[in-house]
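Peer 1:
In UniProt numbering, the protein residues as written are 1 to 626.
1) So for residue 519, helix, strand or coil by DSSP?
2) Taking 8 Å as the cut-off, does the region 98-107 touch the region 64-72 (at least 3 CB pairs, one atom from each stretch)?
3) Using CA atoms only, rank isn't needed, just tell me which of 32, 78, 11 and 328 is closest to residue 18.
4) At which residues does the beta strand (DSSP E) containing residue 540 begin and terminate?
5) Drop a sphere of 10 angstroms on the beta-carbon of residue 397, count the other beta-carbons inside from all chains shown, and report buried for 16 or more, exposed for fewer.
6) May I ask which residues mark the beginning and end of the beta strand (DSSP E) holding residue 24?
7) Considering only their Cβ atoms, is the gap separating residue 420 from residue 352 smaller than 8 Å?
8) What separation, rounded to the nearest whole angstrom, lies between the Cα atoms of residue 428 and residue 609?
9) Given this structure, state the Cα-to-Cα distance separating residue 539 from residue 38, to the nearest angstrom.
10) What would DSSP say about residue 473, mapped onto helix, strand or coil?
11) According to DSSP, is residue 568 helix, strand or coil?
12) Please return the same chain residues whose Cβ sits closer than 6 Å to the Cβ of residue 256, not counting the five positions on each side in sequence.
13) Going by beta carbon distance, what residues of the same chain come within less than 7 Å of residue 460, once the five residues before and after it are set aside?
14) On the three-state DSSP scale, how would you describe residue 36?
15) Answer yes if the region 363-378 comes into contact with the region 243-262, meaning at least three C-beta pairs across the two stretches below 8 Å, and no otherwise.
16) Taking DSSP as the reference, what is the three-state secondary structure of residue 13?
17) Taking just the CA atoms, how far does residue 110 sit from residue 134?
18) On the three-state DSSP scale, how would you describe residue 62?
19) How long is the line joining the alpha carbons of residue 142 and residue 489, rounded to whole angstroms?
20) Let me check understanding here. Comparing Cα to Cα, which of 237, 115 and 568 lies closest to residue 578?
21) Got a sec, what are the start and stop residues for the beta strand (DSSP E) residue 67 sits in?
22) In the DSSP output, what is residue 229 paired with across the bridge?
23) Determine the contact status of residue 328 and residue 191, defining contact as a CB-CB distance below 8 Å.
24) Consult DSSP for residue 465 and reduce its assignment to one of helix, strand or coil.
25) Figure out for me which residue from 85, 325, 571 and 541 has the closest Cα to the Cα of residue 194.
26) Using the beta-carbon count (16 or more within 10 Å), is residue 354 buried or exposed?
27) On the DSSP letters alone, give me the boundaries of the alpha helix (DSSP H) that residue 437 sits inside.
28) Can you name the residues that DSSP bridges to residue 211?
29) If we count Cβ pairs, one from each stretch, closer than 8 Å, do we get three or more for the region 433-452 versus the region 230-240?
30) First and last residue of the alpha helix (DSSP H) that includes residue 578?
31) Do residue 357 and residue 393 have their CB atoms nearer than 8 Å?
32) Extract the residue ranges of the beta strand (DSSP E) inside the region 83-136, only unbroken runs of 3 or more that lie entirely within it.
33) Please go through the region 315-382 and give each complete alpha helix (DSSP H) segment of 4 or more residues, from N-terminal end onward.
34) Identify whether residue 240 lies in helix, strand or coil by the three-state DSSP scheme.
35) Could you tell me whether the region 241-257 touches the region 480-499, using the rule of 3 or more Cβ pairs below 8 Å?
36) Are the CB atoms of residue 343 and residue 270 within a distance shorter than 8 Å?
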């Protein structure tokens, strides 16, 4: 718990009260009834001519809002009078007289309005997404100012100060050195970044350019502390976005760039046709409906059509970004022929989504392709259409020394099609990262020291949370534990060893939540058990989870209205997960027939992608058997 809520509230005090919509509301205390345990407050509202200002900044706001009666035990964290004197808030939040959640949010809000997204909390630099490009914050001249500053507090908070501090720490001598120097490697590092954004970023409900993968980048420096290269490791690519995304979101940027940035001739060659075709993998998924006994699911209303001007603006942006993507591919050494091969395989993914299956009239356990969509896919892959159709509708089985084909049901065929689309995209992404590393990486003999930068998803909470959100939030729980260890626990233990007098600071320990997820009878272990169980399913998984943790409501809860939902109390809040789809996503399996199909492609690029993938998987399997 941060310091400090008022131990007792008095008439005339200016403080905050919790609110469902605003999180915290600034209020003026008008009356305290200790006998009834009630407090009457007046919500501070700005005057009509000050709607864009902070109500708590003005004394005349004390009596302009509505009156509200609240219980004394809700807590009344005090306002910071000092914040009213600074339109842009405070640079460092440890300077706040009263440091608590409400004060932190108010300070960040003031700085956001002042176009100042960076704020210090001690040695930590917090960044709030400004949701716009701020030209004045990112210039070579400004970077040099931070590089030349003698003390961090001489300049406003900025990520530049963090990078300079890391660089100086690496150098171990405190002298002024340049992190990014003006030479070719610097240019390449900066200019290939759009590639990772095009293939790894997508529009979500909260961010138009959200990273849907995590990456650890190592900047490599030589013995003279000059930048000589960079290496990147990618994690947790959200593969399911390739086949499905929620309303108000998009698939990965590269697909829209491909549709709107290529020429008419290129689109015809790729089978993409019109500039604005409707591909199934690019359509928004309908919102998930809860299945409540005795209730009919509500029919969701389709979203209103976008104005033509908005659509054209989005298309123009995609065209401009595709030009940058092509330029970055050229920087990696990919000529027009190799780029076309890449665009062909990306187009295959879109065409795969159009493949529809229908049950055979005389056998519901078998299916046929309903349309000729594989003609485009097979042509672009250099495959026979019949061969591809058979691989999508059958699987090869081996038993007692015999090999035979087993037909797939419609649902099995759809699952196989989607798995293939995800596998193709993941292979492209891995190949792209490997190509970037080959282009930017310095030889080991030249690399003396490195600076590592971890860029990973933040904590995620959506209307519908699935296996991807569980993995992302699990990663954030691990990072939170490390942060807690580094900032609080390790320091306190060091003070105790050194017998230094210190005031205990209470902090949240999330070790129990981590044990719930990764422990011996945790979420992941039970999920693994359910995957290998014959006819294992999500209901069985949640049932086992409930049996193990039903009474531990401070960690996890199970809604009575559903057999496939559970809610974990994470450090950042409670998240309800829908387990349907967990098993399939966790297995992440591709039928061998489909893998063999890709390896048998007569086009060199897709064949290379899957042969490399097969070699990596074989090596990983051999390693596990040792």
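Positions of the beta carbon are idealized from the N, C-alpha and C atoms, including for glycine.
Note that the structure is a prediction, hence the values are computed from the model and not measured.
Peer 2: The answer reads as follows:
1) Taking the chain shown and counting its residues from 1, one reaches residue 519 at position 519. Three-state DSSP puts residue 519 in coil, outside helix and strand.
2) no
3) Within the chain shown, residue 18 is the residue found at index 18, counting from 1. Among 32, 78, 11 and 328, the Cα nearest to that of residue 18 is on 78.
4) Translated into positions along the chain shown, residue 540 becomes position 540. No beta strand (DSSP E) holds residue 540; the alpha helix (DSSP H) holding it covers 538-549.
5) Position 397 of the chain shown, counted from the first residue, corresponds to residue 397. That one is exposed.
6) Within the chain shown, the letter at position 24 stands for residue 24. Element bounds for residue 24: 23-33.
7) As a first step, residue 352 must be located in the chain shown, where it is residue number 352. As a first step, residue 420 must be located in the chain shown, where it is residue number 420. Yes, these two residues count as a Cβ contact at 8 Å.
8) What you label residue 428 is simply residue 428 of the chain shown in a count that begins at 1. What you label residue 609 is simply residue 609 of the chain shown in a count that begins at 1. Roughly 7 Å separates the two Cα atoms.
9) Here the question's residue 539 lines up with position 539 in the chain shown. Here the question's residue 38 lines up with position 38 in the chain shown. Residue 539 and residue 38: Cα-Cα distance of roughly 46 Å.
10) As a first step, residue 473 is located in the chain shown; it is residue number 473 there, counting from the start. Helix, per DSSP.
11) Working through the chain shown from its first residue, we reach residue 568 at position 568. Strand.
12) If you number the chain shown from 1, residue 256 lands on position 256. Result list for residue 256: 318, in chain order.
13) Taking the first residue of the chain shown as 1, we reach residue 460 at position 460. For residue 460, where only same-chain residues beyond five positions count, the Cβ hits under 7 Å are 469, 472 and 473.
14) Taking the first residue of the chain shown as 1, we reach residue 36 at position 36. Reduced to three states, the DSSP call for residue 36 is coil.
15) no
16) Mapped onto the chain shown, residue 13 falls at position 13. In this structure, residue 13 counts as coil in the three-state DSSP scheme.
17) One-based indexing of the chain shown puts residue 134 at position 134. One-based indexing of the chain shown puts residue 110 at position 110. Going from the Cα of residue 134 to the Cα of residue 110 covers about 16 Å.
18) Stepping through the chain shown from its first residue, residue 62 is reached at position 62. With a pLDDT of only 46 at residue 62, under 50, the local geometry of the prediction cannot be trusted, and the value read off the model is given with reservation. Reduced to three states, the DSSP call for residue 62 is coil.
19) If you number the chain shown from 1, residue 142 lands on position 142. If you number the chain shown from 1, residue 489 lands on position 489. If you take the alpha carbons of residue 142 and residue 489, they lie about 36 Å apart.
20) Residue 578 sits at position 578 when you count from the first residue of the chain shown. Out of 237, 115 and 568, 568 has the C-alpha closest to the C-alpha of residue 578.
21) Against the chain shown, residue 67 aligns to sequence position 67. Where residue 67 is concerned, the enclosing beta strand (DSSP E) stretches over 67-71.
22) As a first step, residue 229 must be located in the chain shown, where it is residue number 229. 220.
23) Here residue 328 is taken as the residue at index 328 of the chain shown, counted from 1. Here residue 191 is taken as the residue at index 191 of the chain shown, counted from 1. Cβ atoms of residue 328 and residue 191: closer than 8 Å.
24) Here residue 465 refers to the residue found at position 465 when the chain shown is read from its first residue. It is coil, neither helix nor strand.
25) On the chain shown, residue 194 is found 194 positions in, with the first residue counted as 1. The residue with the shortest Cα to Cα distance from residue 194 is 325.
26) By one-based count along the chain shown, residue 354 stands at place 354. Residue 354 should be labelled buried.
27) Residue numbering aside, residue 437 sits at position 437 when the chain shown is read from its first letter. Unbroken alpha helix (DSSP H) run through residue 437: 410-440.
28) Working through the chain shown from its first residue, we reach residue 211 at position 211. Paired residues: 201.
29) yes
30) Translated into the one-based positions of the chain shown, residue 578 becomes position 578. From DSSP, residue 578 is part of no alpha helix (DSSP H) but of the beta strand (DSSP E) over 573-578.
31) Here the question's residue 357 lines up with position 357 in the chain shown. Here the question's residue 393 lines up with position 393 in the chain shown. Cβ distance < 8 Å, so residue 357 and residue 393 count as in contact.
32) 118-121 and 124-127
33) 336-352 and 374-381
34) In the chain shown, residue 240 corresponds to position 240, counting from 1. Residue state, collapsed to three classes: helix.
35) no
36) Position 270 of the chain shown holds residue 270. Position 343 of the chain shown holds residue 343. Yes, the Cβ-Cβ distance between residue 270 and residue 343 is below 8 Å.
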